[in-house]
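Quick note: the sequence shown uses the working numbering, first residue 1, plus one each step. In this text, a Cβ means the ideal position worked out from N, Cα and C, and glycines have one as well. Being a predicted model, the structure only gives us computed values, none of them experimental. Down below is the structure, laid out as structure tokens.
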Amino acid sequence: MQERMVIVGASLAGLRAAQAARKAGHEGPLTLVGGEVHLPYDRPPLSKAYLEAGEQAPETPTFRTEDELRDELDMELMLGTWATGLDGERKIVTVCDSEGETRELEYGSLIIATGAAARTLPDADKLSGVHTLRTLDDAKSIRDALDAGARTVVVGAGFIGSEVASGARKRGLDVTVLEALPVPLVRSVGEAMGHACAKLHEAHGTDLRTGVKVTGLQGEDGKVTGVSLDDGSTVPADLVVVGTGVAPNTEWLAESGIQLHERDKGIVCDETLCVGLDGVYAAGDVVHFPHPLFDGTLLRLEHWTNAAEQGTLAAKNALNPAEAKPAKSVPYFWSDWYDSRIQFVGIPSADEIRVVSEELGEENFLGLYRTGDRITGCITIDRPTQIMKYRRMIAQSKSWTDALEFAGVS
Ligand SMILES: Cc1cc2nc3c(=O)[nH]c(=O)nc-3n(C[C@H](O)[C@H](O)[C@H](O)COP(=O)(O)OP(=O)(O)OC[C@H]3O[C@@H](n4cnc5c(N)ncnc54)[C@H](O)[C@@H]3O)c2cc1C
């Protein structure tokens, strides 16, 4: 009998790990532990289609029904159950269920896919009407507020905040986005590209205020009424969505001996996603890993495709460590704002960023990123098929000259 594989985190990376384990021939017991009570569900729709207006409540974007999960994967599903500790020497994960009962799970291999949780503002939990958007329950609350016609203020002009702003504007609601940086998304896509994304807000009537500092929340009778800024002004609000980033879910690993990143406490893995304990691998938003295509730079990605691919790889590597493969696919994400699709491949730090579409006199945005003499990134707005060609070029370490030639500039 093969030993038990335990997967902690019942979301995208965790589910993909379970599927890959069975596909790779793991016939032993398989246990999926998830803190949320919901079946594994897809997060991207939560800030997009799920927020759209409509009489009928949108369907929960669940990946599989419970029966399908049990039939397809023959696994023990422990939902509403949190992992609270890991003993890598005894190969035991301690879990605690919603009744407060603890249990020790023995594993032969373990996949950690606990993702990340949204950061929020101090005192946000003291007022109703203030939300982050990470979970299905968050999305339900935000949708209810939008249904009620809330004046919406989004704190942070990142991707998720911007998608919420788009959703609210599509319903014709007043929306203000407050961003501390002078240009949104500089760290994710660079300055020129951040400007291009900001223009989408302006074109759709969202009041984007950059370089502003939020100092607190205002409320009456326990309900939010506005957001205070450091110039003494207040932006009135019935709904405040805080989109100021996420923190990896690793508190439960504090005593495990696993190396946690000094900046954000994400798990530092090697290139095969091994965390440095026998049989333990990690995947998805929780992971920092050295990327071989970018000189071993440690990356922590918050991208759907990365979580799916790493979940699969982590399980395969855990089952066959002697032939473990590195995680090396080119990062990719998309984001939908208003009627536009932003897509990005590669990494944003670069020696040079060129707005190629401007040089070509074309309306739909195309930007290329150069590091040394190679193409290392590409961003497009509304060029859905082209981006994958650049993804392949980056994977093949194509030269900058090749990329410019392909784009039609020199
Ligand atoms: C609203 C929203 C929209 C998005 N849109 C896009 C998009 O358009 N494009 C894109 O590329 N990406 C998008 N993403 C990002 C993408 O969804 C994530 O990269 C992906 O969900 C990461 O998957 P994961 O399995 O690593 O982690 P998560 O999805 O964060 O799941 C981790 C799970 O582990 C559970 N957990 C945490 N700690 C414990 C514990 N101790 N014990 C048990 N369970 C635990 C959590 O409750 C959670 O259910 C979006 C994310 C959100 C939130």
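Within the same chain, and ignoring the five residues on either side of Arg-134 in sequence, the residues whose Cβ sits closer than 8 Å to its Cβ are Arg-43, Ala-116, Ala-117, Ala-118 and Val-246. Shown here, Met-1 sits in coil according to DSSP, grouped into three states, outside any helix or strand.
For Phe-406, there is no enclosing beta strand (DSSP E); the residue is found in the alpha helix (DSSP H) stretching over 400 to 407. At least one heavy atom of ligand 1 lies less than 7 Å from the C-beta of Pro-44. Secondary structure in the region 321 to 404: the alpha helix (DSSP H) runs of 4 residues or longer, each lying completely within the stretch, are 356 to 360 and 386 to 395 in chain order. Three or more beta-carbon pairs separated by less than 8 Å link the region 323 to 334 to the region 387 to 397, which places the two stretches in contact. According to the DSSP assignment, Ala-247 belongs to no alpha helix (DSSP H) but to the beta strand (DSSP E) extending over 246 to 248. DSSP lists Gly-226 as the bridge partner or partners of Pro-236. Beta-bridge analysis with DSSP links Leu-127 to no other residue.
Cβ atoms of Val-214 and Leu-229 come within 8 Å of each other, at about 6 Å.
In this structure the region 134 to 146 lies against the region 38 to 57, because at least three pairs of beta carbons, one per stretch, are closer than 8 Å. When rounded, the separation of the alpha-carbon atoms in Pro-122 and Ser-162 is 21 Å. The criterion of a C-beta distance shorter than 8 Å is not satisfied by Trp-252 and Thr-371. Contact between the region 169 to 185 and the region 151 to 161 is present: 3 or more CB-CB pairs across the two stretches fall below 8 Å. A straight line joining the alpha-carbon of Arg-22 with that of Glu-352 spans about 44 Å.
Look at His-291: its beta carbon is at least 7 Å from all of the heavy atoms in ligand 1. Arg-151 is positioned such that its CB atom lies no closer than 8 Å to that of Asp-285. Per DSSP, Glu-104 is one residue of the beta strand (DSSP E) stretching across 102 to 106. Gly-25 has its Cβ no nearer than 7 Å to any heavy atom of ligand 1. Around the beta carbon of Leu-360, fewer than 16 other beta carbons sit within 10 angstroms, so the residue counts as exposed.
Counting every other CB atom within 10 Å of its CB across the protein chains shown gives Ser-357 a total of 16 or more, marking it as buried.
DSSP places Ala-203 inside the alpha helix (DSSP H), whose first and last residues are 191 to 203. Judged by beta-carbon spacing, Val-242 lies within the 8 Å limit of Thr-132, meaning their Cβ atoms are closer than that value. Using a Cβ-Cβ distance cut-off of 8 Å, the region 307 to 327 and the region 6 to 15 are in contact, since at least three pairs of beta carbons, one from each stretch, lie closer than that value. In this structure, the beta-carbon distance from Leu-277 to Phe-289 does not fall below 8 Å. Under a 10 Å Cβ-count criterion, Ala-57 is classified as exposed, with fewer than 16 other Cβ atoms of the shown protein chains found around its own Cβ. Between Leu-105 and Phe-63, the C-beta gap is not smaller than 8 Å, which leaves the two residues out of contact. About 6 Å separates the Cβ atoms of Ala-327 and Glu-271, confirming a contact at the 8 Å cut-off. Under the DSSP assignment, Gln-218 falls in the beta strand (DSSP E) whose first and last residues are 214 to 220. With fewer than 16 neighbouring CB atoms inside 10 Å of its own CB, Lys-325 falls in the exposed class. In the three-state scheme derived from DSSP, where H, G and I count as helix and E and B as strand, Phe-63 is classed as coil. Nearest Cα to Thr-210 within the set Glu-202, Gly-216 and Leu-217: Glu-202.
Counting only the Cα atoms, Glu-3 lies some 42 Å from Ser-349. Across the set Ile-92, Leu-86, Asp-97 and Lys-91, the C-alpha of Asp-97 shows the shortest separation from the C-alpha of Leu-79.
Asp-264 has its CB no nearer than 7 Å to any heavy atom of ligand 1. A direct Cα-to-Cα measurement between His-195 and Val-183 gives close to 6 Å.
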